[in-house]
Structure formats: structure tokens, C-alpha cells
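Below is one structure, written out as C-alpha cells, with a few remarks after it.
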Amino acid sequence: MIHPYAAAGFLLAVLPLVATPGASLTLLIQHVTADGRRQALPVVLGTVTGLYAHAILALAGLSALVMHSSRAFAVVKLAGAAYLVGLGVWTWWTAARPRSPVQERRSGSVYSQALLANVLNPKAASVYLTLVPQFVRPGDPFAGQILALATVHALLIAVWLAVWTALLHRGAHLVRRDSFRRVIGRVAGVVLVVLGIRAARA
């Protein structure tokens, strides 16, 4: 188990990263405004699954290989950037389409989008290769500590996304308007494309 002070320190260290708007928050806003707050769950689950994937990869040493191989890192970075750009273009296109009263997205599709957006983000992997080791004690079981810190990270981002979901739900009267949904969809599309371009240039 991780020491409480180490968990608290890690939480404070990763908080600015969680609070920085990224693909997960963009997907949450886009899907919740389009289909209601029930779509928040697959976004949260996809993001959290991605965090645990990075933690497991870090344990297996695969993330270290990617981070220390410029070619492998470039492949992951470009794959993630291409996915975000493609998702952004798709989001923009679907926002411009007329919406049927019974149209809704499948939760599995939303989950996959959030999962891939996190897994294909090399910066998320770098958290478990550069930040996490600072809070791990050599004398204690390594795997348990990594997974405990990943749980802290997952709980923090779940709470952060839940807060945004509550804020969006309070504005439900505005969210129901098709014009507002189209604007949010287009803004989300632009943000995802910008995030993809920035990831490719980083």
C-alpha cells in the first residue's frame, strides 16, 4: 500500500494536470450536452481504464521502452495525434448533421473514444514514468504502490469529470437547445483537432 503522505503529495502534483482541459473533458462536454448526463459514465470509465492501462504498461516496462526510444515514442505520439484530429473532424461533422429525436450514441462507442484518447496520449504515459516514481518507496511492493497511485489519479479525474457533469446538468434548459448542441459539437471538434495538432508538434 502507498503511504498516505505519498498519496496526498501525488494528488497535489497531478491535480494541475487533471484540471488542464484535454480530450477527456472535451468528450464529456460534447457527449453530455448531446445525449444527457448518462453519457458521462462511459467517458469516465474510458478515461479511468486508460489510466490503469498506462500504470500496467509502466509496470511491464513497455512505457519506458516507448519513452526511451525516439522512434517508438514518435509512432505513439503521431497515432494519438491522428486519432484526436480524426475524432475532432468526426465530431464537427456530426454536430452539423440534423438530429433525429431518437438519435443517441452507443455507450460502448463513447467508452472507446475516451479510452483511446487516453491510451494514445504519451503525456499520460510520462506521468507514470516521471511523476509516479517520485512517490514510490523502494522497500514496499512496487506493483501495489503503482496501482494505488493510479487509483488516486483515477478517483481525482472521476470527481473532476463528475463536477463538470453536474454543472452541465444544471444548465439543462440551455443544453436541450439544438443550436447550443451544434455550437458545443463544433467547438469540441475544433478543440480536439487543436489538441491533436499540439500533440503531434510536442
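Numbering-wise, numbering that gives the first Met the number 0 puts 50 at position 51 of the sequence shown, and it's gapless, one number per residue. C-beta atoms are modelled at their ideal positions from N, C-alpha and C, and glycine is treated no differently.
query                                                                                                                   : result
Local Cβ density within 10 Å of alanine 22, reported as buried at 16 or more and exposed below that                     : buried
Of the listed residues Leu24, Gly49, Thr32, Thr25, nearest to threonine 150 (C-alpha basis)                             : Gly49
Run of the alpha helix (DSSP H) containing proline 41, from where it starts to where it stops                           : 39-59
Which listed residue (His2, His152, Gln133) has its alpha carbon closest to that of leucine 10                          : His152
Inter-residue Cα distance where the pair is alanine 5 and glutamine 144                                                 : 10 Å
Proximity test, Cβ basis, 7 Å: histidine 30 and chain B                                                                 : Among the protein chains of the structure shown there is no chain B, as only one such chain exists.
Reference leucine 86; option with closest CA among Phe141, Val190, Arg37, Ile1                                          : Val190
Where leucine 119 falls: helix, strand or coil (DSSP)                                                                   : coil
Tyrosine 51 versus valine 162: straight-line alpha-carbon distance, rounded                                             : 22 Å
Sub-7 Å separation of histidine 168 and arginine 36 beta-carbons                                                        : yes
Nonlocal neighbours in the same chain, by C-beta distance under 7 Å from lysine 122, ignoring five residues either side : none
Which of helix, strand or coil DSSP assigns to aspartate 139                                                            : coil
Inter-residue CB distance, leucine 24 and alanine 124 (contact presumed, cutoff 8 Å)                                    : With a Cβ gap of about 19 Å, leucine 24 and alanine 124 do not count as contacting.
Candidates Ile183, Phe141, Gly8, Val43, of which the one nearest isoleucine 156 by Cα                                   : Val43
Boundaries of the alpha helix (DSSP H) in which serine 68 is found, first to last residue                               : Premise fails: serine 68 is in no alpha helix (DSSP H) and is neither H nor E.
Arginine 197 and alanine 94 closer than 7 Å at C-beta                                                                   : no
Limits of the unbroken alpha helix (DSSP H) element including proline 20                                                : Premise fails: proline 20 is in no alpha helix (DSSP H) and is neither H nor E.
Which listed residue (Thr164, Ala142, Leu77) has its alpha carbon closest to that of alanine 116                        : Leu77
Coarse secondary structure for alanine 153, derived from DSSP in three states                                           : helix
Cα-Cα separation, valine 31 to alanine 39                                                                               : 6 Å
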